[in-house]
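Working notes for the structure below.
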Amino acid sequence: MLERYTLPEMGAIWSLENHYQAWLEVEILAVEAWSELGVIPQADAQDIRQNARFDVDRISEIEAQTRHDVVAFTRCLSESLGAEKKWVHYGLTSTDVVDTAQAFQLKQANRLIKKDLDQLLEILKEKALTYKDTVCMGRTHGVHAEPTTFGLKMARFYAEIKRNIERFNHAARGVEAGKISGAVGTYANVPTNIEAYVCDHLGIRQQDISTQILPRDLHAEYIASLALIATSVENMATEIRHLQRSEVHEVEESFAKGQKGSSAMPHKRNPISSENVTGLARVCRGHVVTAYENVSLWHERDISHSSAERIILSDTTILVDYILNRFSKVLKNLKVFPEKMLANMQATHGLIYSQRLLLKLVDAGLSREAAYDLVQPLTAKSWDQGQDFRSLVEDCTEITDRLNSEAIDDAFDYHYHLRRVDEIYKRLGLISAE
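Going by this note's numbering, the letters in the sequence shown line up with residues 15 to 448, in that order.
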């Protein structure tokens, strides 16, 4: 992944140094497990633990000749050992090391992503509570519909991220699994005790059944869960981008001192962070296709998934980590303009209260069809000519004969639309249900 989108801690997890360090730990733990069974002398196991070393450049040199990365790795380790080197990789196949070490790296990556998600969730909760009663325009199809609150927008995203956390936790558990089951998954040359020991010490689970590799539907589900996280952030970013348009201007990304919005237009303040995460979410979704293609492999394995995974596992986790962190900063520092939200509600001349008026007329005795046919021509006149909808209503005797001024006042009161906000918040656990 480009350094531009790689945060240091996540980048370190996917570095070659950490990659081979994970391989080394699997190899050493396997030796120790054999030692526990009495197969490998304890002194040899201790020497391997203390002395086994690798050098990234040396591995590359050997791989240029062997054209096999695991063989290059084990030969590099052997160069740092004495006679005990014969026990390195004992009873193992390459993917016993590769898949198990990869699971350990994914566990490390997942810890960061879980922290990122918790941070975003907390910010969304704070924004939802802060703006719970901040009225704004609800829009459907991009057109004014009925009043809502900015807090409800944040509460909706809060609930969406909670769902993402549930999905991710399940998918993360799936890929945090190791296998040391041999060339075709039968444990022919390695007892199950070895796998149990290694996985237990790495803090990952044992996969219940495997071939030469772990089943790749687990990784497909995992990448899909990451792509959904990125897509949910894009969903929020899209909302901010729309609300920052000059014609709307209800929110705005923070703009730092010295920041420039355009090389040509000095006035520009663009929602660049929201646009940035939108683009990166597209990349994450593209990786889902690759992950799904990796599920179907020949017999007990082929290597067609390997080259793809070298890209998608690291890149997707790196991108999601970046997306979550960057957008959390956007939300935390978001400028919100309640006065503009109120002003925008007036832009459609009161048409947003048409349904409330319709229901008032139904309550007054009209059929729904008759009430609809009475109200719609007035809405059309207001829409087409820019006239105040309430004034048109008050001039219509067919309405005023049925509704007094108090009823009309009530129909045009936005507070009516917000009367169940607390109930929604209680369902989400954002405020106490008491």
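Glycine included, each C-beta is placed from N, C-alpha and C at the ideal position.
Next on the checklist: Measuring CB atoms only, is the stretch 53-64 touching the stretch 229-242, in the sense that at least three cross pairs come out at less than 8 Å?
Outcome noted: At 8 Å Cβ cutoff, the stretches do not touch.
Next on the checklist: For V376, which residues in the same chain have their Cβ closer than 8 Å to its Cβ, ignoring the five residues on either side in sequence?
Outcome noted: Along the sequence shown, read from residue 1 onward, the residue named residue 376 stands at position 362. Correct list, in chain order: R382 and A385.
Item to check | Cα-Cα separation, I54 to W48 | outcome: Walking along the sequence shown from the start, residue 54 turns up at place 40. Walking along the sequence shown from the start, residue 48 turns up at place 34. Their Cα atoms are separated by approximately 6 Å.
Next on the checklist: Buried or exposed, going by whether 16 or more other CB atoms sit within 10 Å of the CB of I137?
Outcome noted: Numbered from its first residue, the sequence shown carries residue 137 at position 123. With 16 or more Cβ atoms within 10 Å of its Cβ, I137 is classed as buried.
Next on the checklist: On the CB-based measure, 16 or more other CB atoms within 10 Å of its CB, does V247 come out buried or exposed?
Outcome noted: Taking the first residue of the sequence shown as 1, we reach residue 247 at position 233. Result: buried.
Checklist entry - What number of angstroms, rounded off, separates the C-alpha of Q56 from the C-alpha of V189? => result One-based indexing of the sequence shown puts residue 56 at position 42. One-based indexing of the sequence shown puts residue 189 at position 175. Spanning the two alpha carbons is a distance of roughly 32 Å.
Next on the checklist: So, with DSSP's three-state summary, where would you put V309?
Outcome noted: Reading the sequence shown from its first residue, position 295 is the one you call residue 309. Three-state result, V309: coil.
Checklist entry - Using a Cβ-Cβ cut-off of 7 Å (strictly less than) and excluding sequence neighbours within five positions of G152, which residues of its own chain qualify? => result Position 138 of the sequence shown, counted from the start, is the residue given in the question as residue 152. Excluding sequence neighbours, G152 sits near A159, E160, P161 and T162.
Checklist entry - Looking at the C-beta of N249, does it have a partner C-beta in chain C at a distance below 8 Å? => result Absent here is chain C; the protein component of the structure consists of one chain.
Item to check | Spatial distance of H431 from N32 (CA atoms) | outcome: Position 417 of the sequence shown holds residue 431. Position 18 of the sequence shown holds residue 32. Our two residues, H431 and N32, have alpha carbons roughly 55 Å apart in a direct line.
Checklist entry - Are there 16 or more other CB atoms within 10 angstroms of the CB of T393, so buried, or fewer, so exposed? => result Taking the first residue of the sequence shown as 1, we reach residue 393 at position 379. Burial call: buried.
Item to check | Host alpha helix (DSSP H) of M15 (start-end) | outcome: Numbered from its first residue, the sequence shown carries residue 15 at position 1. No alpha helix (DSSP H) contains M15, which DSSP labels as neither H nor E.
Next on the checklist: According to DSSP, G192 sits in a beta bridge with which residue or residues?
Outcome noted: If you number the sequence shown from 1, residue 192 lands on position 178. Beta-bridge pairing links G192 to Q220.
Item to check | Residue environment, G156, which counts as buried when at least 16 other CB atoms sit within 10 Å | outcome: In the sequence shown, residue 156 corresponds to position 142, counting from 1. By the neighbour-count rule (16 or more Cβ atoms within 10 Å), G156 is not buried but exposed.
Item to check | Unbroken stretches of the beta strand (DSSP E), 3 residues or longer, contained in the stretch 333-362 | outcome: Segments of the beta strand (DSSP E) lying fully in the stretch 333-362: there are none.
Item to check | Cα-Cα separation between M15 and T331, rounded to whole angstroms | outcome: Within the sequence shown, the letter at position 1 stands for residue 15. Within the sequence shown, the letter at position 317 stands for residue 331. Cα to Cα, M15 sits roughly 10 Å from T331.
Item to check | Buried or exposed (CB count within 10 angstroms, at least 16 for buried), D130 | outcome: By 1-based counting over the sequence shown, the position of residue 130 is 116. Buried, because 16 or more other Cβ atoms sit within 10 Å of the Cβ of D130.
Checklist entry - Quick one, which of I326, W397, D427 and L327 has its alpha-carbon nearest K374's? => result Residue 374 sits at position 360 when you count from the first residue of the sequence shown. Comparing C-alpha distances from K374 to each of I326, W397, D427 and L327 shows the shortest one belongs to D427.
Checklist entry - Hey, would you say L371 sits closer than 8 Å to V350, going by beta carbons? => result The residue you call residue 371 lines up with position 357 of the sequence shown. The residue you call residue 350 lines up with position 336 of the sequence shown. No.
Checklist entry - Are the beta-carbon atoms of V112 and V70 separated by less than 8 Å? => result The residue given as residue 112 occupies position 98 in the sequence shown. The residue given as residue 70 occupies position 56 in the sequence shown. It is not a contact, given that the beta carbons lie outside the stated cut-off.
Checklist entry - From A305 to R125, what does the alpha carbon distance come to, in whole angstroms? => result Working through the sequence shown from its first residue, we reach residue 305 at position 291. Working through the sequence shown from its first residue, we reach residue 125 at position 111. Spanning the two alpha carbons is a distance of roughly 21 Å.
Checklist entry - Per DSSP, which one or two residues make a beta bridge with H158? => result Within the sequence shown, residue 158 is the residue found at index 144, counting from 1. DSSP, once it has assigned bridges, lists R153 as partnering H158.
Next on the checklist: Could you tell me the alpha carbon to alpha carbon distance between E353 and T148, rounded to whole angstroms?
Outcome noted: Here residue 353 refers to the residue found at position 339 of the sequence shown. Here residue 148 refers to the residue found at position 134 of the sequence shown. Cα to Cα, E353 sits roughly 10 Å from T148.
Checklist entry - Grouping DSSP H, G and I as helix and E and B as strand, with all else coil, what is E264? => result Your numbering for residue 264 matches position 250 in the sequence shown. Coil, per DSSP.
Checklist entry - Within the chosen definition, does the stretch 95-104 reach the stretch 71-79 through at least 3 CB pairs nearer than 8 Å? => result Flag = no, the stretch 95-104 and the stretch 71-79 do not touch.
Item to check | Environment of N449 [buried if 16+ CB atoms lie within 10 Å] | outcome: Since the first residue of the chain shown is 15 and the last is 448, residue 449 is not available in this structure.
Checklist entry - Hey, how far is the Cα of K466 from the Cα of T154? => result What is shown of the chain runs 15 to 448, which leaves residue 466 out entirely.
Checklist entry - Contact check, K167 vs L135 under 8 Å by CB: the rounded distance? => result Residue mapping note: residue 167 aligns to position 153 of the sequence shown, counting from 1. Residue mapping note: residue 135 aligns to position 121 of the sequence shown, counting from 1. So it is not a contact: roughly 15 Å between Cβ atoms.
Checklist entry - Would you report the Cα separation of V45 and M250, rounded to the nearest angstrom? => result The residue you call residue 45 lines up with position 31 of the sequence shown. The residue you call residue 250 lines up with position 236 of the sequence shown. The alpha-carbon atoms of V45 and M250 are separated by roughly 49 Å.
Item to check | Local conformation of T252 per DSSP, three classes | outcome: Reading the sequence shown from its first residue, position 238 is the one you call residue 252. Helix, per DSSP.
Next on the checklist: Counting C-beta neighbours from all protein chains within 10 Å, is the total for L294 16 or more, i.e. buried, or is it exposed?
Outcome noted: By 1-based counting over the sequence shown, the position of residue 294 is 280. Buried: at least 16 other Cβ atoms inside 10 Å.
Item to check | Simplified DSSP assignment, three categories, for T163 | outcome: Here residue 163 refers to the residue found at position 149 when the sequence shown is read from its first residue. DSSP places T163 in the strand class (E or B) of the three-state scheme.
Next on the checklist: Looking at K193: is its Cβ nearer than 8 Å to the Cβ of L228?
Outcome noted: The residue labelled residue 193 in the question sits at position 179 within the sequence shown. The residue labelled residue 228 in the question sits at position 214 within the sequence shown. Contact: yes.
Item to check | Short Cβ contact (8 Å threshold) for D329 with H301 | outcome: Taking the first residue of the sequence shown as 1, we reach residue 329 at position 315. Taking the first residue of the sequence shown as 1, we reach residue 301 at position 287. With a cutoff of 8 Å on beta-carbon distance, D329 and H301 are scored as near each other.
Next on the checklist: In this structure, how does DSSP classify D402 when only helix, strand and coil are distinguished?
Outcome noted: The residue labelled residue 402 in the question sits at position 388 within the sequence shown. The three-state reading of DSSP puts D402 in coil, since its state is none of H, G, I, E or B.
Checklist entry - Under the three-state reduction of DSSP, which class applies to L380: helix, strand or coil? => result The residue given as residue 380 occupies position 366 in the sequence shown. Taken through DSSP and simplified to helix, strand or coil, L380 comes out as coil.
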